[in-house]
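Those sequence lines, one after another, are chains A and B. Everything in the first sequence is counted per the numbering used here, starting at 8 for the first residue and increasing by one. Everything in the second sequence is counted per the numbering used here, starting at 706 for the first residue and increasing by one.
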Amino acid sequence: MSSPDTLTNSKTAQGPLVEARGLSHVRDGRTVMAIGDWQLQPGAHALLLGPSGSGKTTFINIVTGLLTPSHGAISVAGEVMSALPPASRDALRRRTIGLVFQTLRLIPALSVTDNLALAQQLALGHVDRAAIAGMIDRVGLAHRAAARPRQLSQGEGQRAAIARALITRSRLVVADEPTSALDDANAARMIDLMFDVADATGATLLVATHDGRIAHRFANRLNLMAPVAA
Amino acid sequence: MIGLSLAYLKDRGLNTALNILLLALSVASLVILLLFSSQLENRFDKDAQGIDMVVGAKGSPLQLILSSVYHVDIPTGNVPLDTVPLLRRQLGVAEAIPLALGDSFRSFRIVGTEPAYPALLGASLADGRMFSAKMEAVIGADVAARTGATLGQRFVGGHGMSSGDEGPKHEETPFIVVGRLKPTGTVIDRLILTRVESVWGVHGIEDPGEDHHDGESAEDHEAHAGAAEVTAVLVRFGSPIAAVRLPGFINRQTNLQAAVPAVEVSRLLALVGVGLDAVRAFAVLLMLTAGLSIFVALLTALKEREGDMAMLRVIGASRAAIIGQVASEGLILASAGATLGLLLGHGVIGMAAASIEQLRALGLNAFAFHPGEALIVAAALGIGLIAALIPALRVLKNDIAETLANAR
Ligand SMILES: Nc1ncnc2c1ncn2[C@@H]1O[C@H](COP(=O)(O)OP(=O)(O)O)[C@@H](O)[C@H]1O
Ligand SMILES: [Mg+2]
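Take a look at the structure:
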């Protein structure tokens, strides 16, 4: 490992995993997201709460490096995203962040095991079958490992999606609206599952939602206001 | 990622199978055409090797060549035996070999000639000896294999050449097999060779050589020889001057016609070629259709997979990896189609050769490969690749965040 990497690692061991400074985003002359200063400590469970259109997805796209903020800066694992060339940004996302999509986005042509294997191959460059089996077991899908996503129940699909976000040994799991399509019981179960798995692997959790039902579960809450219509 | 490509292909199995089949059909038609025309040309060249000119009776020069060099058409007629010494006297003639045709045994032609004829086509004995006495015969490899004739066996020729035993049999004058030739891959494999005099003997024509034994003078022999005829004379030139001078010289002789195999064959191939070109154009069109079909299939599939691909990009797939994945889908389709097409093409050639006598006679061989097949396979792969790359590049132009937000 090169020395800057070592430096980064030691730095994040002490400092926040995600840190925003004066962060806001302007789109077409309109401020669509304003967060300012904000920190996410390693191992924390954070909630980004706000109505639809308040800039949650915009913020997540900035955290994952898909979007460059118009004001301020964000650092992930000690690296300032906007200062990195695109390839390094991709690499940082690959190594550090696991994403849980609202529509899950499991690849329908692949089994649960193979969905995880593909993610692992892409992120780590190799496939560790034992680790995959262990992760699938941990999310309670051992008996469904060979099933295709369309054969899974919604809850099983969510477990698979979380397992995929974690199999790459992501330190940060980011989920955008993971519960908005679920009924109360399933929404609660989803959050339980994310907490369980994140705690078991020591991962940090960032959940964006407009879903007030799950708000009480999070100690670290960041409230976003709906932008004032121009 | 290859595993992903296979999984996607398997996921839309029917579509994949249809595209492979379509491509396979086009590859097969091109391969069949290529093998057919190249093996035909190759056979034409091999059978005519060393034969620079054929002299026979007036008529169609193509017919003369087909009947005497390839043994497929009926002869144009006969020419006097004198033609042979006449040709041998000409400057620049290295060899002049008479052929007497007219009879057959179980559809294999009996050819009255000289040992120089098998020598000219590079045939050598596998068994026994060369014919020397009248009614002795040497059989080609196919004749031996198909009739089961063995050394010392007697057989009776039938009159007529095309469909064998239909003509009247010459029961009173049987041939005896004295030799068997090794396979040559030329028309000689399917011939029964004997002396010119044997063919005359069968037809009751007096043999000038036998007259000689009886002590007649040379002049008497010449007078009798009016009845002694041959069907054609194969000529090999010893010098290039002959090629310029001789055909014209022969054609000025009132009863004779000279034809050059190379000229007639290229005329024939040009004729056949027009038909083959039409079929080839159709096959190429079929291949383009297959390419278009793969293109449409991948375009639709990738449209549905836009979200998947954006997700893959987000979780760490590089653009190159995405392109590679889609390209490998196209290439897997194309190589499956090409492989199946090659098998199908060679299979059809093999079945055609096994079931159609004339095609087998032409030496159609399913196990011969042509370098042009590599080109056909390359074209199929290229089409598969292009059909995959266009939609892949289209999808990659999309903004990842946008796609993730919008795609299903
Ligand atoms: N691609 C885009 N082009 C223009 N405006 C956009 C685009 N994406 C989001 N916005 C706008 O930015 C604001 C914040 O959007 P978003 O971050 O998606 O909110 P949320 O995820 O909280 O619902 C909204 O007003 C939305 O209309
Ligand atoms: Mg959103």
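We put the CB at the ideal spot given by N, CA and C, even for glycine.
Short CB-CB distance (under 7 Å) between residue i and chain A
| i | result |
| --- | --- |
| VAL1100 (chain B) | no |
| ILE1020 (chain B) | yes |
| ILE725 (chain B) | no |
| ALA1032 (chain B) | no |
| ILE1037 (chain B) | no |
| ILE649 (chain B) | Chain B is shown from 706 up to 1113; residue 649 (chain B) falls before or after that span and cannot be answered. |
| ASP1013 (chain B) | yes |
| ILE1027 (chain B) | no |
| ILE1105 (chain B) | yes |
| MET1016 (chain B) | yes |
Interface flag, residue i vs chain B, CB-CB below 7 Å
| i | result |
| --- | --- |
| ARG101 (chain A) | yes |
| ALA126 (chain A) | yes |
| ARG112 (chain A) | yes |
| LEU30 (chain A) | no |
| LEU179 (chain A) | no |
| ASP12 (chain A) | Legend: pLDDT at ASP12 (chain A) = 33, less than 50; position of this residue unreliable, no value from coordinates given. |
| GLY122 (chain A) | For the record, residue 122 (chain A) in the displayed sequence is Asn; it is not Gly. False, the Cβ-Cβ gap to chain B never drops below 7 Å. |
| LEU55 (chain A) | no |
| ASN68 (chain A) | yes |
| LEU73 (chain A) | yes |
| LEU129 (chain A) | yes |
| LEU91 (chain A) | no |
| LEU159 (chain A) | no |
| SER59 (chain A) | no |
Closest by C-alpha distance to residue i, when choosing among the options
| i | options | result |
| --- | --- | --- |
| ARG748 (chain B) | B:GLY1077, B:THR781, B:MET1016 and B:LEU1067 | B:LEU1067 |
| SER1033 (chain B) | B:ILE1088, B:VAL904, B:ALA967 and B:VAL843 | B:ILE1088 |
| ASP183 (chain A) | A:VAL25, A:LEU55 and A:GLY50 | A:LEU55 |
| VAL1001 (chain B) | B:ILE707, B:LYS715, B:LEU723 and B:VAL784 | B:LEU723 |
| HIS6 (chain A) | A:MET232, A:MET88, A:ASN227 and A:THR208 | The requested residue 6 (chain A) does not occur in the structure, where chain A is confined to residues 8 to 237. |
| VAL1031 (chain B) | B:ARG941, B:GLY884 and B:VAL1100 | B:VAL1100 |
| ILE1020 (chain B) | A:SER61, A:LEU73 and A:HIS78 | A:LEU73 |
| LEU1139 (chain B) | B:ALA1110, B:ALA1073 and B:VAL848 | It is not possible to answer for residue 1139 (chain B), since the shown part of chain B is limited to 706 through 1113. |
| GLY22 (chain A) | A:TRP45, A:GLY36, A:SER31 and A:VAL33 | A:TRP45 |
| GLY162 (chain A) | A:LEU148, A:LEU173, A:HIS52 and A:ALA153 | A:LEU148 |
| ALA1112 (chain B) | B:ILE770, B:ALA1015 and B:SER773 | B:ALA1015 |
| VAL816 (chain B) | B:ALA842, B:LEU791, B:ALA1043 and B:GLY827 | B:ALA842 |
| SER710 (chain B) | A:ILE114, A:ARG102 and A:ARG100 | A:ILE114 |
| PHE810 (chain B) | B:ARG851, B:LEU1064 and B:VAL977 | B:ARG851 |
| ARG136 (chain A) | A:THR175, A:GLY43 and A:GLY164 | A:THR175 |
| ALA1006 (chain B) | B:GLY708, B:ASP716 and B:ALA1041 | B:ASP716 |
| LEU125 (chain A) | B:ALA988, B:GLU1062, B:ALA1022 and B:GLU1078 | B:ALA1022 |
| THR788 (chain B) | B:ASN720, B:LEU976 and B:THR936 | B:THR936 |
| VAL204 (chain A) | A:ARG145, A:GLY164 and A:SER59 | A:ARG145 |
| LEU735 (chain B) | B:ILE1054, B:LYS1008 and B:SER765 | B:ILE1054 |
| GLY782 (chain B) | B:PRO790, B:ARG957, B:LEU791 and B:GLY807 | B:GLY807 |
| ARG28 (chain A) | A:SER77, A:LEU99 and A:PRO49 | A:SER77 |
| ILE67 (chain A) | A:GLN109, A:ASP206, A:PRO93 and A:GLN158 | A:GLN109 |
Proximity of residue i and residue j at Cβ, strictly below 7 Å
| i | j | result |
| --- | --- | --- |
| ALA1084 (chain B) | LEU728 (chain B) | no |
| ARG793 (chain B) | ALA801 (chain B) | yes |
| GLY775 (chain B) | ASP750 (chain B) | What sits at residue 775 (chain B) in the sequence shown is Tyr, not Gly. Against a cut-off of 7 Å, the Cβ pair of ASP750 (chain B) and TYR775 (chain B) comes out as no contact. |
| ASP894 (chain B) | ALA846 (chain B) | yes |
| LEU91 (chain A) | THR211 (chain A) | no |
| VAL107 (chain A) | ILE169 (chain A) | yes |
| ASP832 (chain B) | ARG885 (chain B) | yes |
| ILE844 (chain B) | ILE881 (chain B) | no |
| THR65 (chain A) | VAL83 (chain A) | no |
| LEU991 (chain B) | SER731 (chain B) | yes |
| ILE999 (chain B) | LEU1038 (chain B) | yes |
| SER177 (chain A) | ILE104 (chain A) | yes |
| VAL1166 (chain B) | VAL968 (chain B) | Here chain B has residues from 706 to 1113 only, and residue 1166 (chain B) is not among them. |
| ALA6 (chain A) | ARG101 (chain A) | Absent from the structure is residue 6 (chain A), since the part of chain A shown begins at 8 and ends at 237. |
| LEU1003 (chain B) | PRO1096 (chain B) | yes |
| ILE1047 (chain B) | VAL760 (chain B) | In the sequence on display, residue 1047 (chain B) carries Leu and not Ile. For LEU1047 (chain B) and VAL760 (chain B), no; Cβs fall outside 7 Å. |
| ALA733 (chain B) | GLY1050 (chain B) | yes |
| TYR713 (chain B) | ALA116 (chain A) | yes |
| ALA964 (chain B) | ILE725 (chain B) | no |
Proximity test, residue i beta-carbon vs ligand 4 heavy atom, cut-off 6 Å
| i | result |
| --- | --- |
| THR64 (chain A) | Among the ligands modelled here, namely ligand 1 and ligand 2, ligand 4 does not occur. |
Cross-chain neighbours of residue i in chain C, by beta carbon under 8 Å
| i | result |
| --- | --- |
| ALA116 (chain A) | Absent from the structure: chain C. Protein chains present are A and B. |
(message) Closer than 7 Å between beta carbons: that is the criterion. Which residues of the region 131 to 155 of chain A meet it against chain B?
(response) none
(message) At a CB distance below 8 Å, what residues from the region 708 to 732 of chain B approach chain A? Give them in sequence order.
(response) GLY708, LEU709, ALA712, TYR713, LYS715 and ASP716
(request) Scan the region 194 to 225 of chain A for residues whose Cβ lies nearer than 9 Å to a Cβ of chain B and list them as they occur along the chain. (result) none
(request) Identify each residue in the region 990 to 1009 of chain B for which the Cβ-Cβ distance to at least one residue of chain A is less than 7 Å, and report them in chain order. (result) none
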